[in-house]
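FYI, the numbering for the first sequence is 209 to 688, going by my numbering.
Just so you know, even glycine gets a beta-carbon here, dropped at the ideal spot from N, CA and C.
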Amino acid sequence: MLKKKQETKKIRLRFPPSPTGPLHIGNARTILFNYLFAKQNNGETVLRIEDTDKERSKLEWVQNIIDELKWLGIDWSEGPDIDGKFGPYKQSQRTDIYKKYLEKLLSEKKAYYCNCTSEELEAKRQDQQSRGLAPKYDGKCRDKNNISGVIRFKIESKKVKFNDLIRGNVEFDSGLLGDIVIAKNIETPLYHFVVVVDDHEMQISHVIRGEDHLSNTPKHILLQESLGFNQPEYAHLPLLLNADKSKMSKRAGDVAVSDYHKAGYLSEALINFMALLGWNPGTEKEIFSMKELINEFSLEKVQKAGAVFNTQKLDHINGLYIREMPAPILTKLCLEYLPEDHKNFSQKTLEKIVEVSKTRMKKLSDITELTNLFFEDNLIYEKDLLKWKEMKDADIKEALLLCDKELSSAKKWDAKNLEKILFEASEKFNREKGYPVENKGYTLWPLRVALSGKKASPGPFEIAEILGKEKTLERIKQAL
RNA sequence: GCUCCUGUGGUGUAGUCCGGCUAAGCAUACUGCCCUCUCAAGGCAGUGAUCCCGGGUUCAAAUCCCGGCGGGAGCACCA
209 MLKKKQETKK IRLRFPPSPT GPLHIGNART ILFNYLFAKQ NNGETVLRIE DTDKERSKLE
269 WVQNIIDELK WLGIDWSEGP DIDGKFGPYK QSQRTDIYKK YLEKLLSEKK AYYCNCTSEE
329 LEAKRQDQQS RGLAPKYDGK CRDKNNISGV IRFKIESKKV KFNDLIRGNV EFDSGLLGDI
389 VIAKNIETPL YHFVVVVDDH EMQISHVIRG EDHLSNTPKH ILLQESLGFN QPEYAHLPLL
449 LNADKSKMSK RAGDVAVSDY HKAGYLSEAL INFMALLGWN PGTEKEIFSM KELINEFSLE
509 KVQKAGAVFN TQKLDHINGL YIREMPAPIL TKLCLEYLPE DHKNFSQKTL EKIVEVSKTR
569 MKKLSDITEL TNLFFEDNLI YEKDLLKWKE MKDADIKEAL LLCDKELSSA KKWDAKNLEK
629 ILFEASEKFN REKGYPVENK GYTLWPLRVA LSGKKASPGP FEIAEILGKE KTLERIKQAL
């Protein structure tokens, strides 16, 4: 039945962020689902900036939203940056359109001016709540014929039913609502009103939004009915939750896409992870490119319960993408997390550094800590760290001396050859000292610590190859 | 308080519509083993869910019905 409607009607989705802050991760996920649904159905997408709240909306946030969406690989067919046939795409520039409909409602007596004071309203609200009633406007100004004040929309008391593509049939009693304010004045319409007008004007076919809007839907439907608009299809996505299961937008921590961007998450990984929050393909596959998501996404497979945003899983997926990434590209992305003097290193060397470190990375920013050993002139570490198991200090020294000697005469300076040389040295050393022959730790551990200054690092051969002969021998001497 | 949505291991989820094939699959996290000079990565294994609870229907229920309880969201001259 859904199919039939779609055949006759063009699929048009909208991305409606509000520029009162940076692009929120929950918002980004909602937009992603809109995007996937649109792309899959060959539909069009509209980026609509919901900036009717002049106090809180800022231009810089509009830019942040556009930048981060593009970074994520989400594009749109119409929007404030590229325009389109249903523009303008910032609500703050659409006042005339809203005004027209506002006047229509007013003249048809479907809306009216109200000049109750906020103190008065607040008192009534308190009273209603204390009596166990849902707080709602009592309709005092309904028939007063005021000519100024806020504009209220007359909500008729009835059962409002609609079909949600994810939740099925949903029913609300609009009698519990009370007349809602749809505009502060004729020039300043409010959210519920503009959203309904714009969705109609922009010919939006499907409204896919967060579950927090589920109980707002009857207001929108009533408004549509009064205005004579068609009703779009609705789908309400489960909310993104904090670890304590509260709504994620109410968290103070990292909730902006730009936070994750800066921390070094890859856009592909973030997209993959976000898609899995509330959706699954019904198979055991869980690594998806955007292209695959577009093919395999379906609203029917969207979960109904809220999904906790689990950073551990994000880290895992991100690590996976990092490991899969070709060295040149990964290196380029890592550049900004490397110290300034990385410019003294050749592209080839930087690639090697990244290559030997990438299995340890969860995020791009990890590269800083993981690779500082390659960029520092003098390593600072406790001499004790050089000791493998219960080795004697004298033996550590001897092991390092041996490494120094063998490496000094190495002809081919690459990891593979160095490994061969050092394995032989290790065997020789263990035999002389009476250590277990196969345990290479007696030489390799002191060597690796001498080269890295860390208890965990890439192997000594890789490090040596990257450092080069001169620097390698220098570090060994410093450790002695 | 009222309304609506929702409820499978710590987390994301499969299975729920069309009851039995799985006393619950996968992934993550955690633990251990293997690999190994270390840490990762990789391979293997394990801990962890009486499927929110209580009734009912049935030969049989995570799956159907009823009643509770828990969680969340919304009830703005914010969006």
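Whole-Å CB distance - residue i paired with residue j, under 8 angstroms assumed
| i | j | result |
| --- | --- | --- |
| residue 605 | residue 688 | 6 angstroms |
| residue 466 | residue 218 | That belief does not hold up - the Cβ atoms of residue 466 and residue 218 are roughly 33 angstroms apart, past 8 angstroms. |
| residue 387 | residue 363 | 5 angstroms |
| residue 233 | residue 468 | 7 angstroms |
| residue 457 | residue 463 | 7 angstroms |
| residue 631 | residue 607 | Residue 631 to residue 607, Cβ: 14 angstroms. No contact. |
| residue 658 | residue 594 | 7 angstroms |
| residue 470 | residue 490 | Between residue 490 and residue 470 the Cβ distance is about 34 angstroms, and since that is not below 8 angstroms, they are no contact. |
Exposure label - residue i; buried when at least 16 CB within 10 Å
| i | result |
| --- | --- |
| residue 299 | buried |
| residue 451 | exposed |
| residue 524 | exposed |
| residue 534 | exposed |
| residue 646 | exposed |
| residue 670 | buried |
| residue 211 | Its pLDDT being 44, under 50, residue 211 is placed unreliably in this model, and the coordinates cannot settle the point. |
| residue 436 | exposed |
| residue 365 | exposed |
| residue 571 | buried |
| residue 567 | exposed |
| residue 579 | buried |
| residue 308 | exposed |
| residue 331 | exposed |
| residue 417 | buried |
| residue 252 | buried |
| residue 265 | buried |
| residue 643 | buried |
| residue 449 | buried |
| residue 480 | buried |
| residue 588 | exposed |
Distance, residue j Cα to residue i Cα
| i | j | result |
| --- | --- | --- |
| residue 461 | residue 345 | 36 angstroms |
| residue 322 | residue 302 | 23 angstroms |
| residue 310 | residue 347 | 19 angstroms |
| residue 378 | residue 355 | 37 angstroms |
| residue 238 | residue 290 | 22 angstroms |
| residue 569 | residue 661 | 19 angstroms |
| residue 640 | residue 590 | 27 angstroms |
| residue 496 | residue 530 | 14 angstroms |
| residue 403 | residue 522 | 33 angstroms |
| residue 626 | residue 686 | 20 angstroms |
| residue 317 | residue 352 | 11 angstroms |
| residue 333 | residue 543 | 57 angstroms |
| residue 209 | residue 506 | In this predicted model, residue 209 has a pLDDT of only 38, less than 50, meaning its place in the structure is not dependable enough to derive any value. |
| residue 610 | residue 598 | 19 angstroms |
| residue 665 | residue 512 | 44 angstroms |
| residue 369 | residue 429 | 9 angstroms |
| residue 582 | residue 615 | 19 angstroms |
| residue 655 | residue 541 | 31 angstroms |
| residue 603 | residue 651 | 9 angstroms |
| residue 415 | residue 228 | 21 angstroms |
| residue 222 | residue 341 | 36 angstroms |
| residue 447 | residue 487 | 12 angstroms |
| residue 294 | residue 268 | 24 angstroms |
| residue 548 | residue 573 | 14 angstroms |
| residue 328 | residue 296 | 38 angstroms |
Proximity to residue i [Cα-Cα], best of the options
| i | options | result |
| --- | --- | --- |
| residue 287 | 255, 228 and 618 | 255 |
| residue 676 | 269, 632, 639 and 623 | 623 |
| residue 663 | 592, 602, 683 and 611 | 592 |
| residue 442 | 340, 376 and 652 | 376 |
| residue 562 | 618, 447 and 575 | 575 |
| residue 679 | 651, 612 and 629 | 612 |
| residue 584 | 595, 594, 573 and 552 | 552 |
| residue 618 | 247, 267 and 673 | 673 |
| residue 526 | 564, 520, 337 and 477 | 477 |
| residue 394 | 420, 360 and 409 | 360 |
| residue 411 | 439, 419, 559 and 684 | 439 |
| residue 420 | 235, 313 and 314 | 235 |
| residue 694 | 339, 224 and 397 | What the structure shows of the chain is the stretch from 209 to 688, and residue 694 is not part of that stretch, so it cannot be assessed. |
| residue 312 | 501, 405, 537 and 539 | 405 |
query = Which ranges would you report for the alpha helix (DSSP H) in the region 410 to 457 if only whole runs of at least 4 residues count?
reply = List check, alpha helix (DSSP H) in window: 425 to 435.
query = Residue ranges of each alpha helix (DSSP H) run of no fewer than 4 residues wholly in the region 567 to 601, ordered along the chain?
reply = The qualifying runs are 574 to 583.
query = Curious, which full-length beta strand (DSSP E) runs of at least 3 residues does the region 377 to 411 contain?
reply = Those beta strand (DSSP E) runs which fall completely within the region 377 to 411 and span 3+ residues are 388 to 393.
task = Scan the region 272 to 334 and note each continuous beta strand (DSSP E) run of 3 residues or more that stays entirely inside, going in chain order.
result = Segments of the beta strand (DSSP E) lying fully in the region 272 to 334: 319 to 322.
ask   = In chain order, which alpha helix (DSSP H) runs of at least 4 residues are fully inside the region 508 to 568?
value = Along the region 508 to 568, the alpha helix (DSSP H) occurs as fully enclosed runs of 4 or more residues at 519 to 532, 535 to 542 and 555 to 565, listed in sequence order.
task = Kindly provide the ranges of any alpha helix (DSSP H) runs that are 4 or more residues long and lie completely inside the region 220 to 268, ordered along the chain.
result = Every unbroken stretch of the alpha helix (DSSP H) spanning 4 or more residues and falling wholly within the region 220 to 268 is given here in chain order: 233 to 248.
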